[in-house]
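Remember, the numbering used here sits 35 above the position in the first sequence when you count from 1. Yeah, the Cβ is synthetic: ideal placement off N, Cα and C, and Gly gets one too.
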Amino acid sequence: MPELPEVETVRRGLANLIIGKVVVGEVHDTEKGFPNTPQDVRQFLIGASVTDVRRRAKVLIIDLSTDYSLLIHLKMTGQLVFVGETRFGAGHPNDSLVNELPDKSTRVTLTFDDDTKLFFNDQRKFGWMRLMPTVEIANTAFMQKVGPEPLSTDFTTNDFIQRLSRRPKTNIKAALLDQSVVAGIGNIYADESLWGAKIHPTRLVSDVTEAEKGELYTEMRAVMNLAIEKGGSSNSTYVNAEGKKGSYMDFARVFRREGLECPRCGAVIEKSRVAGRGTHVCPVCQAI
DNA sequence: CACTTGACCTGTCCGC
DNA sequence: TGCGGACAGGTCAAGT
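Dropping the structure here:
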């Protein structure tokens with residue numbers, strides 16, 4: 036699931052569902068997925084109420100009344116699934132999951148004071164959830180090096196061009212995926228943005244003109260805005276916390292469309308491997 | 001140093 | 001149908 040638009044969709048759903056609730060129970064079964072000690076969990080999580088749900092890059096931050104926060108990274112296959120009687124009332128799309136969760140992919144279960152539950156599921160176990168003092172978040176290695184939010188009003192075309200120029204000898208797709216250049220772009224939206232700007236993903240950053248980088252900035256933001264509006268991308272039966280399914284893939288122009296026609300010029304979309312990732316390109320629009 | 005590749009895991013899909 | 005290998009929306013450590 037998770038690039039910036041998916042994490043933002045989860046964040047908005049959770050903000051509606053859990054702010055103000057008190058955590059009354061927690062169970063986890065892997066050190067790796069949740070490294071905090073039982074003592075810390077008892078002291079800083081159990082009995083705490085949720086004061087805010089934030090996001091930075093692809094990391095979710097659930098702030099607690101104890102001045103601790105739960106940080107969550109979903110990596111490739113992480114999901115946060117809210118289950119229980121909600122303020123949306125009966126008939127919530129996740130109601131049917133009441134008897135299905137937890138399952139074998141469940142790593143952490145949080146129970147709230149109104150008997151609702153939040154499940155952190157992760158098939159591939161790359162994701163993590165950890166408790167830390169809220170004020171220390173900014174000092175973590177990740178937060179120290181992560182680049183600006185692409186949709187921030189402070190983030191200008193010139194900022195983007197400057198930050199890209201720090202990686203002159205790498206290809207443009209790898210630079211877009213580099214979280215220290217700009218936060219939140221992953222494999223889907225890198226391909227979609229490069230198609231929008233008509234830039235071939237293997238071109239070196241130093242060979243892409245400033246005008247093209249400006250186009251990439253514009254396309255990247257348009258793609259991110261559209262994806263958030265559509266609730267992100269999902270290719271499974273997964274339903275997010277608010278019971279909505281992301282529909283961006285219905286609007287994708289190259290991603291997972293190999294063998295189909297480019298919606299702009301009609302050429303056949305090709306798939307290859309760039310920066311170690313499956314990569315989708317219109318060979319005509321995005322000529323090298 | 002800058003950049004690229006492999007490892008981390010489990011499940012699924014595709015070709016023989 | 002069974003089996004091996006490639007691949008999957010991310011990030012680091014290790015390698016060149």
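Q. Looking only at its own chain, which residues have a Cβ that is under 7 Å from the Cβ of His305, when we skip the five neighbours before and after it?
A. As a working mapping, residue 305 is identified with position 270 in the first sequence. The question names His, but residue 305 in the sequence shown is Glu. Scanning its chain for C-beta atoms nearer than 7 Å, with the 5 sequence neighbours on each side dropped, one finds around Glu305 the residues Glu293, Val316 and Pro318, in chain order.
Q | Those runs of the alpha helix (DSSP H) which lie wholly inside the stretch 118 to 186 and span at least 4 residues | A | Uninterrupted alpha helix (DSSP H) stretches at least 4 residues long and entirely within the stretch 118 to 186 occur at 176 to 180, given in chain order.
Q.
Based on DSSP bridge pairs, tell me the residues matched to Ile97.
A. Looking up residue 97 in the first sequence gives position 62. Here Ile97 is bridged, per DSSP, to Val88 and Leu105.
Q: May I ask you to report which of helix, strand or coil DSSP gives Asn206?
A: As a position in the first sequence, residue 206 is number 171, starting the count at 1. Secondary structure of Asn206 (DSSP, three-state): strand.
Q. Between Gln78 and Gly266, what straight-line distance do the alpha-carbon atoms span, to the nearest angstrom?
A. The sequence position of residue 78 within the first sequence is 43, counting from 1. The sequence position of residue 266 within the first sequence is 231, counting from 1. Taking the straight line joining both Cα atoms gives about 35 Å.
Q. Going by Cα to Cα distance, which pick from Arg201, Val85, Glu296 and Leu145 is closest to Val116?
A. Translated into positions along the first sequence, residue 116 becomes position 81. Minimum Cα distance to Val116 is reached at Leu145.
Q. Could you give the distance in angstroms between the alpha-carbon of Arg201 and the alpha-carbon of Pro73?
A. By 1-based counting over the first sequence, the position of residue 201 is 166. By 1-based counting over the first sequence, the position of residue 73 is 38. Straight across, the Cα-Cα distance linking Arg201 with Pro73 is about 43 Å.
Q. By how many angstroms is the C-alpha of Val143 removed from the C-alpha of Thr272?
A. Against the first sequence, residue 272 aligns to sequence position 237. Against the first sequence, residue 143 aligns to sequence position 108. Low confidence applies here, because Thr272 scores a pLDDT of 49, under 50, leaving its location unreliable; read the following figure in that light. Those two C-alpha atoms are separated by around 21 Å.
Q: With DSSP collapsed to three states, give me the class of Lys306.
A: For this step, residue 306 is matched to residue 271 along the first sequence. Lys306: strand per DSSP, three-state reduction.
Q | Helix, strand or coil at Leu239 according to DSSP, with G and I counted as helix | A | To locate residue 239, count along the first sequence from 1; it is residue 204. In this structure, Leu239 counts as strand in the three-state DSSP scheme.
Q. Are Tyr252 and Thr192 touching if we call contact CB-CB under 9 Å?
A. Numbered from its first residue, the first sequence carries residue 252 at position 217. Numbered from its first residue, the first sequence carries residue 192 at position 157. In contact: Tyr252 and Thr192 (Cβ atoms closer than 9 Å).
**Q.** For Asn51 and Asp285, the rounded distance between their alpha carbons
**A.** As a first step, residue 285 is located in the first sequence; it is residue number 250 there, counting from the start. As a first step, residue 51 is located in the first sequence; it is residue number 16 there, counting from the start. Taken atom to atom, the span from the alpha-carbon of Asp285 to that of Asn51 is near 26 Å.
Q) Based on Cα-Cα distance, which residue from Thr44, Ala276, Arg288 and Ser269 lies nearest to Ser282? A) Translated into positions along the first sequence, residue 282 becomes position 247. Put simply, of Thr44, Ala276, Arg288 and Ser269 the residue whose alpha carbon is nearest the alpha carbon of Ser282 is Ser269.
**Q.** For Ile263 and Thr86, believed in contact at Cβ under 8 Å, the rounded distance
**A.** Position 51 of the first sequence, counted from the start, is the residue given in the question as residue 86. Position 228 of the first sequence, counted from the start, is the residue given in the question as residue 263. Wrong, their Cβ atoms sit about 23 Å apart, outside the cutoff.
**Q.** Reference Ala322; option with closest CA among Phe69, Glu254 and Ala232
**A.** Here residue 322 refers to the residue found at position 287 when the first sequence is read from its first residue. Closest by alpha carbon: Ala232.
Q. Taking the beta strand (DSSP E) that Arg312 falls in, what are its first and last residues?
A. Reading the first sequence from its first residue, position 277 is the one you call residue 312. Where Arg312 is concerned, the enclosing beta strand (DSSP E) stretches over Arg312 to Val316.
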